[in-house]
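**Q** Dumping the structure here so I can ask a few things about it.
Numbering (UniProt numbering), first residue to last: 1 to 216.
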């Protein structure tokens, strides 16, 4: 039932914000979702164990809050092209997906897609990196003048996260600001660990994104 529920929420947001892109609507639904049930506990997996963002994604959508998300992670056509280029798709695959003969690839890595969540695939093998930087751009769709502070929650032992800058100041609506999330893990970290980045402003907007590190 999750698909029709999310589709209905997306249709509602499109009616209220007709100029929003599909990426903006997705961002609003994800960043305002909640990851706790009605008892205040973390959402469970299908096996009735405490879940992780691998199980429940961004969480349970809240369409009322999604109407006014504060910030959005927006994307356009070129962002998806760069993502496919970063995945090293062949020219033939690109032509099939893009349905065009020409395109331009910017030098971006696949994990730099401007998605409203963060996942890093690292390894505790000595030949693989234990740290990664992820860049994002957010657009202010809330109050004209607002200041957002970065809050890190549920960061487990063995996982270090740094956000630069840790404060985003907006002086007008639809202004963009960029930031970088640096994730570092210990060599002996478990298969999946996660925490949350929440941008919170003075008006009560909470823009939440899961940060997941998985060990292969």
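Backbone N, C-alpha and C fix where the C-beta goes; we use that ideal spot for every residue, glycine too.
Note that the structure is predicted; figures quoted are calculated from it, not measured.
1. Where does residue 9 land, buried or exposed, given buried means 16+ other C-beta within 10 angstroms?
2. CB residue 137 to CB residue 214, shorter than 8 Å?
3. If you draw a straight line from the alpha carbon of residue 145 to that of residue 163, how long is it in whole angstroms?
4. Checking 8 Å against the spacing of the C-beta atoms, do residue 71 and residue 141 come in under that value?
5. Specify, as a first and last residue, the run of the alpha helix (DSSP H) that residue 6 falls within.
6. Please report how far the alpha carbon of residue 132 lies from the alpha carbon of residue 183, in whole angstroms.
7. Identify which residue in 101, 200, 205, 185 has its Cα closest to the Cα of residue 211.
8. Taking contact to mean 3 or more Cβ pairs, one atom from each stretch, closer than 8 Å, check whether the segment 148 to 166 and the segment 186 to 197 are in contact.
9. What are the boundary residues of the beta strand (DSSP E) that residue 192 is part of?
10. Would you tell me roughly how many angstroms separate the C-alpha atoms of residue 130 and residue 74, rounded to the nearest one?
11. For the segment 83 to 120, list the alpha helix (DSSP H) runs that are entirely contained and at least 4 residues long, ordered along the chain.
12. Residue 34 by DSSP, collapsed to three states: which one?
13. Just to confirm, is the Cβ distance from residue 37 to residue 43 under 8 Å?
14. Contact defined as beta carbons within less than 8 Å: I believe residue 180 pairs with residue 134. What is the distance between those atoms, to the nearest angstrom?
15. Would DSSP call residue 189 helix, strand or coil?
**A** Reading off the structure:
1. buried
2. no
3. 21 Å
4. yes
5. 2 to 16
6. 5 Å
7. 185
8. yes
9. 192 to 200
10. 28 Å
11. 91 to 98
12. strand
13. yes
14. 7 Å
15. coil
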